[in-house]
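>
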Amino acid sequence: MSSKLLRGTFILTLGTIISKILGLFYVIPFYAIVGDDGTALYSYSYISYTIFISIATAGVPLAVSKFISKYNALEEYAVGRKLFKSGMIVMMITGIVSFLVMYMTAPILADITLSSGDENPTVSQEDVTTVIRAVSFALIVVPFMSLIRGFFQGHQSMGPSAVSQVVEQIVRIVFLLAGAYIVLNIMNGTLVTAVSVATFAAFIGALGSLFVLGWYWFKRKPHLDQLLKHDKRTMDISLKDIYKEILIYAAPFVFVGIANPLFQFIDQITFERAMTAIGLGAQATTAFGILNFQTHKLVIIPVSLATAFSLTLVPTITTAFIENNRQSLKLQLDQTFQVLLYLTVPATIGLSILAEPAYTIFYEQKELGTEILRLYAPVAILFALFSVTAAVLQGINEQRFTILSLLTGLLVKLSLNIPLIKMLETKGAVVATALGYTAAIIINLIVIHKFAQYSFKFALRRVFLIFIFSGVMGIGTLAVYEGLTLFLSPGEKFSSMIIVVVCALVGCGIYFYLGFRSKLIDRLFGDKVTKIKRKLRLRI
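When the letters of the sequence shown are read in order and numbered with the numbering used here, they come out as residues 18 to 557.
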């Protein structure tokens, strides 16, 4: 890999991480401003928005990047510029159509979200309609933004995407927090207005990102125009063929990106009705906010980092498969699954053990929040496994099965959600999600086994070892946690921070000591770890 590409990948990864960190920690002041009903309202709009935006733009940056990079390598620069020019028109149409559809169907989405009963007076269908319409404006801008990011990435220029991501997040969060606070505390407005302003922040953030990308475009346009002078002009690809290739590239990313929002959407359209049916309609809004906003924000933390690290191995899987190098393919698959679980399993176990202080830090002490987070945390392993197995299917050119596995998982979730909620209340929705993802993952693994001729025996032995190490870490962390709670309260924010930090340090120490001692880390991460150990003069 060239130093330029390596540097660009690092910049883009850093921008993504900063963006995700900002997207996590804003929930602390946001919850303090709007409370349980506010976060529930926010979830009702954002789940629908995420689905719309995933369909409109998911995979566009990567697909456009891959397309332009391919033809730039052939010195056919005009092909990429042709895509960019026509793509601006297509994205404008896509954005406007997506906005109009979401805006006009907002009452329908609100109607299927809430029960017609009067047990839950805190949130009405009109309230949900208002916040959904407020966030829909972002759909006008985001498709443009995605196309421009993909164009720059295709030219090995990752800075514009990274900087625009961070600026988008900063602008969105500042507008969101300031707007919600001003509406409630200065203007004495309603909660619905405050949350509408918060969701409209997605549009303002997208404008901020678009401004940054526009600045980069005008700054770098002379260089991009210079490339056109070196165009070979040996290819004249029609727009039909261009978009056919783009759709092939983008389709797998759409289904992977839309999976989690669709599972959440099933909760959105069934949860309130199921809770009302068992006489808990008055608690439904608060419980939904805890389930699909508050705890979900925490559960997704270990997934993001572990999945990002594992997916860096997928290109080598693709290469090995194309070259029909079965030995290399097996090694890469072994490493992918092991790295994923090595990072995800201990993180989810730790989060489950520290559910009460972790929830208190971000929100406040709440029994239901603690219970749901403790049960929900291990489901993060399934989220990560689905993403990675779906990516592997793309690597071995069997991405069509991603559609089958996702639809199967959604069918399981949809079939079991209401019965399990009636049986287990809010926990039932978590269990149904876990069962749905499990079904999808099993299908993906079967396909990988068959078409990649891959045996899971070796990986399973390592995974068993990972679970043993995680169990030892869990016991040690739990012992320290129990000791700390004798004189520190997990119901207070400052005490909870101390508990989480101390327990996390102890847990990491135990886990990585076992990894170093058994040489498992060396086998998973290779020479990089060995070099670090030498530099630090570790003799573990």
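For each residue, glycine too, the CB sits at the ideal point set by N, CA and C.
Residue range of the alpha helix (DSSP H) that Glu185 falls in?
On the sequence shown, residue 185 is found 168 positions in, with the first residue counted as 1. Per DSSP, Glu185 belongs to the alpha helix (DSSP H) from 176-198.
> Quick test of your reading: Ala435 and Thr287, contact by CB under 8 Å. State the CB separation rounded to the nearest angstrom.
Against the sequence shown, residue 435 aligns to sequence position 418. Against the sequence shown, residue 287 aligns to sequence position 270. Just to set this straight, residue 435 is Ile in the shown sequence, not Ala. Going by Cβ atoms, the distance from Ile435 to Thr287 rounds to 5 Å, so yes, they are a contact pair.
> Could you say which of Met121, Leu241, Leu477, Ala268 lies nearest to Arg417 if we only look at CA atoms?
Counted from its first residue, the sequence shown places residue 417 at position 400. Checked all of Met121, Leu241, Leu477, Ala268; the closest Cα to Arg417 is Ala268.
> Is any beta-carbon of chain D found at less than 8 Å from that of Ile460?
The structure shown has no chain D; it contains just one protein chain.
> Measuring alpha carbon to alpha carbon, tell me which residue in Val396, Thr146, Leu264 is nearest Ile366.
Numbered from its first residue, the sequence shown carries residue 366 at position 349. Among Val396, Thr146, Leu264, the Cα nearest to that of Ile366 belongs to Val396.
> Express the C-alpha separation of Ser513 and Ala127 in angstroms, rounding to a whole number.
For the purposes of this step, residue 127 is taken as the residue at position 110 of the sequence shown. For the purposes of this step, residue 513 is taken as the residue at position 496 of the sequence shown. Spanning the two alpha carbons is a distance of roughly 37 Å.
> So what's Arg472 in DSSP terms, helix, strand or just coil?
Your numbering for residue 472 matches position 455 in the sequence shown. It is worth fixing the name first, because residue 472 is Ser in this sequence and not Arg. Note: Ser472 maps to coil in three-state DSSP.
> What residue does the alpha helix (DSSP H) around Ala301 start on, and which one ends it?
Position 284 of the sequence shown, counted from the first residue, corresponds to residue 301. It spans 301-306 - the alpha helix (DSSP H) in which Ala301 sits, taken as one unbroken run.
> Smallest Cα separation from Gln243: which of Gln470, Ile265, Thr406, Arg98?
For the purposes of this step, residue 243 is identified with residue 226 of the sequence shown, where counting begins at 1. Answer by Cα proximity: Arg98.
> If you draw a straight line from the C-alpha of Asp135 to the C-alpha of Gly488, how long is it?
Translated into positions along the sequence shown, residue 135 becomes position 118. Translated into positions along the sequence shown, residue 488 becomes position 471. Legend: pLDDT at Asp135 = 47, less than 50; position of this residue unreliable, value from coordinates given subsequently. Taking the straight line joining both Cα atoms gives about 47 Å.
> Would you mind stating whether Lys430 and Ala401 have Cβ atoms separated by less than 8 Å?
Translated into positions along the sequence shown, residue 430 becomes position 413. Translated into positions along the sequence shown, residue 401 becomes position 384. No, these two residues do not count as a Cβ contact at 8 Å.
> Just the Cα atoms here: how many angstroms apart are Thr251 and Leu91?
Translated into positions along the sequence shown, residue 251 becomes position 234. Translated into positions along the sequence shown, residue 91 becomes position 74. Approximately 10 Å, taken between the alpha carbons.
> Could you check how far apart the C-beta atoms of Val565 and Ile64 are, in whole angstroms? I think they sit under 8 Å.
With the chain represented from 18 up to 557, any question about residue 565 goes unanswered, as that position is not in the structure.
> If you run the structure through DSSP and keep just helix, strand and coil, what is Arg250?
Here the question's residue 250 lines up with position 233 in the sequence shown. Reduced to three states, the DSSP call for Arg250 is coil.
> Rank Lys383, Ala496, Phe338 by C-alpha distance to the C-alpha of Ile465 and give the top, closest one.
Position 448 of the sequence shown, counted from the start, is the residue given in the question as residue 465. For the residues Lys383, Ala496, Phe338, the minimum Cα distance to Ile465 belongs to Phe338.
> Which value, in whole angstroms, describes the spacing of the CA atoms of Gln186 and Arg166?
One-based indexing of the sequence shown puts residue 186 at position 169. One-based indexing of the sequence shown puts residue 166 at position 149. The alpha-carbon atoms of Gln186 and Arg166 are separated by roughly 15 Å.
> Would you decide whether Thr353 is buried or exposed? Buried here means 16 or more other CB atoms lie within 10 Å of its CB.
Working through the sequence shown from its first residue, we reach residue 353 at position 336. Per the 10 Å Cβ criterion, buried.
> Secondary structure at Met514, three-state DSSP: helix, strand or coil?
As a first step, residue 514 is located in the sequence shown; it is residue number 497 there, counting from the start. The answer is helix: DSSP assigns Met514 an H, G or I state.
> Nearest CA to the CA of Val523: which residue from Glu509, Arg534, Ala496?
Position 506 of the sequence shown, counted from the first residue, corresponds to residue 523. The option with the nearest alpha carbon to Val523 is Ala496.
> Tell me where the alpha helix (DSSP H) around Thr502 begins and ends.
Your numbering for residue 502 matches position 485 in the sequence shown. Element bounds for Thr502: n/a, residue is neither H nor E.
> Less than 8 Å between the C-beta atoms of Val409 and Leu368, yes or no?
Looking up residue 409 in the sequence shown gives position 392. Looking up residue 368 in the sequence shown gives position 351. No, the pair does not count as a contact, with Cβ atoms beyond the cut-off.
> So what does DSSP say about Tyr59, is it helix, strand or coil?
The residue you call residue 59 lines up with position 42 of the sequence shown. Tyr59 falls in the helix class under three-state DSSP.
> Indicate whether the contact test is met: 3 or more Cβ pairs, each with one atom in the segment 114-129 and one in the segment 187-197, closer than 8 Å.
Flag = no, the segment 114-129 and the segment 187-197 do not touch.
> Assuming Met105 and Leu156 make a contact with CB atoms under 8 Å, what is their CB distance in whole Å?
If you number the sequence shown from 1, residue 105 lands on position 88. If you number the sequence shown from 1, residue 156 lands on position 139. That pair is no contact at about 16 Å.
> Once the 5 residues before and after Ser60 are set aside, which same chain residues still bring their CB inside 7 Å of it?
Taking the sequence shown and counting its residues from 1, the one referred to as residue 60 is at position 43. Closer than 7 Å at the Cβ level, and outside the excluded window around Ser60, lie Phe305, Gly306, Asn309, Phe310.
> Compute the distance between the beta-carbons of Leu227 and Met175, then report whether it is under 8 Å.
Working through the sequence shown from its first residue, we reach residue 227 at position 210. Working through the sequence shown from its first residue, we reach residue 175 at position 158. No, the Cβ-Cβ distance between Leu227 and Met175 is not below 8 Å.
> In three-state DSSP terms, what is Gly206?
What you label residue 206 is simply residue 189 of the sequence shown in a count that begins at 1. It is coil, neither helix nor strand.
> Here's a check: name, in chain order, each residue in its chain whose Cβ is nearer than 6 Å to the Cβ of Lys444, leaving out the five neighbours to either side.
Your numbering for residue 444 matches position 427 in the sequence shown. Taken in chain order, the residues that qualify are Leu392.
> Of the choices Leu437, Leu452, Ile265, Thr312, whose alpha-carbon is the least far from that of Leu385?
The residue you call residue 385 lines up with position 368 of the sequence shown. Residue Thr312 is the option with its Cα nearest to Leu385.
> State the DSSP-derived secondary structure class of Phe154, mapped to helix, strand or coil.
Within the sequence shown, residue 154 is the residue found at index 137, counting from 1. Coil at Phe154, not helix or strand.
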